[in-house]
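Heads up, the thing below is written out as structure tokens.
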Amino acid sequence: MPSILKANRLRLSIIAGLLLAVTAMHYLTTTQLVNAHDVYRRLYYVPIVLGGVWFALRGGIVTSILASLLYMPHVLFHWQHHPSIALEQYLEIVLYNVIGCLTGFLAERERQQKLRYQKTAETLEESYRKLREQADQIIEIEGQLRRADRLSALGELSAGMAHEIRNPLGSIKGTAEILRDGVAPDDPKLEFADILIKEVDRLNKVLEDFLRFARPEPVELGRFSPNKVIEEVLELTRQQALSNRVEVEVALAEDMEIPGRGEQIQQALLNLVLNALQVMPDGGQLKVSSTVRGNEVGIHVSDNGPGIAMEDRDRIFNPFVTTRDSGTGLGLAITQRIIQGHDGHIHLESTPGQGSSFTLCLPISMRDMETEKS
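In this note's numbering, each number is its position in the sequence shown, counted from 1, plus 45.
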């Protein structure tokens, strides 16, 4: 804005300077130099045209009137003894105003047309932006549908395999426990029996993750307290945090109850907390907090572990993707499915070498799920 005002002042100064200069030449030049006055008379068109071009119709009219007022006394008092020349000069004054109006009118038309073109360009740009957003949304939805199809097929396959494997695992564990009971405490074979039972338990845990991911257990929709869920999860993981020498920091917002499946949210949060503890085996800091912003409750879990590499962030929530040798790659996939089932979303921030922060965003009002319950 200041630059525009500065430019307008400069233009006004140029127009005023030209008008005064031409007028001075008229008044200071003797009437005997008729040809010189003819040239001076036409020099008035320069500021008149500039006024119309720079300030549109108003500028053209004002400049032509000023030129007429400045030139009129010269005609009246210096050319009164030359009627034929004076008539020509009066016609020139009329032409000043015609040229001023015409130039200003054309400049105004050009300016309005330019504004229309700019508005059309802005409209087209906005339409293009919305089209790009819609195209991105369509691509994202198509990707989600393809992913959902793959997950559905994978889930059914995993569920079938898990059921087929789970039964013999129970028999193997029972047999191993019987064999262990028959081994003397100082027998070296006791260690192998313990290893067998431990590995059976680990495989059983993997199968439970498969089943939980493929067919989430239905839980009756109710209301739950996010703060209470946080406290219960931290109590469940307290011993592991102590073993890993992890300092736990808790900051809870005002307590409230929101609609949802509390047991599933507890499972989702437990997955995040366990992941955070597992990436800090030699100590660290775990921060768990809750916040309320607008129509959302946020549950935040952050650690100062190794962080997540940039190339892994886009696929970290895919099933069977893990950055640990002992992980199944289903924890975050299960967590995402649970949160999406509550009309929420997960936000991830991570800096390699500094740690990661996950936020579970849950709506305070869930109309679809409450309608489903009713």
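Cβ atoms here follow ideal geometry from the backbone N, Cα and C, with glycine treated the same way.
{"Item": "Output the boundary residues of the alpha helix (DSSP H) element that contains Q311.", "Value": "G307 to Q323"}
{"Item": "In whole angstroms, what separates the C-alpha of Q189 from that of G339?", "Value": "27 Å"}
{"Item": "Quick one: what's got a C-beta closer than 8 Å to V318's C-beta in the same chain, skipping five residues either side?", "Value": "V278, L279, T282, L331, V333 and V346"}
{"Item": "Across the segment 105–122 and the segment 134–149, are there enough close Cβ pairs to call them in contact, namely three or more that are closer than 8 Å?", "Value": "yes"}
{"Item": "Using CA coordinates, which residue listed in I93, L50, L78 and L73 is at the minimum distance from G62?", "Value": "I93"}
{"Item": "For the beta strand (DSSP E) holding S395, just list the boundary residues, first then last.", "Value": "H390 to T396"}
{"Item": "For the beta strand (DSSP E) that E294 lies in, which residues bound it at each end?", "Value": "V291 to A296"}
{"Item": "Would DSSP call R360 helix, strand or coil?", "Value": "coil"}
{"Item": "May I have the straight-line CA-CA distance separating T108 from A180, to the nearest angstrom?", "Value": "54 Å"}
{"Item": "Quick check: the segment 284–302 against the segment 310–317, are there 3 or more CB pairs under 8 Å?", "Value": "no"}
{"Item": "Exposed or buried, which one is P230 when buried takes at least 16 other CB atoms within 10 Å?", "Value": "exposed"}
{"Item": "Helix, strand or coil, according to DSSP, for D348 in the structure here?", "Value": "strand"}
{"Item": "Beta-carbon within less than 7 Å of I409's beta-carbon, same chain only, minus the 5 sequence neighbours each way: which residues are those?", "Value": "I303, N340, E341 and V342"}
{"Item": "The alpha helix (DSSP H) with V337 in it runs from where to where?", "Value": "Looking at the DSSP string, V337 is not in any alpha helix (DSSP H); the run it does join, the beta strand (DSSP E), is G329 to R338."}
{"Item": "Are A238 and L248 touching if we call contact CB-CB under 9 Å?", "Value": "no"}
{"Item": "When the Cα atoms are used, what is the spatial distance from R358 to V324?", "Value": "16 Å"}
{"Item": "Check the C-beta distance from I344 over to S395 and give it rounded, since I have them as a contact under 8 Å.", "Value": "The Cβ separation is near 17 Å, so there is no contact."}
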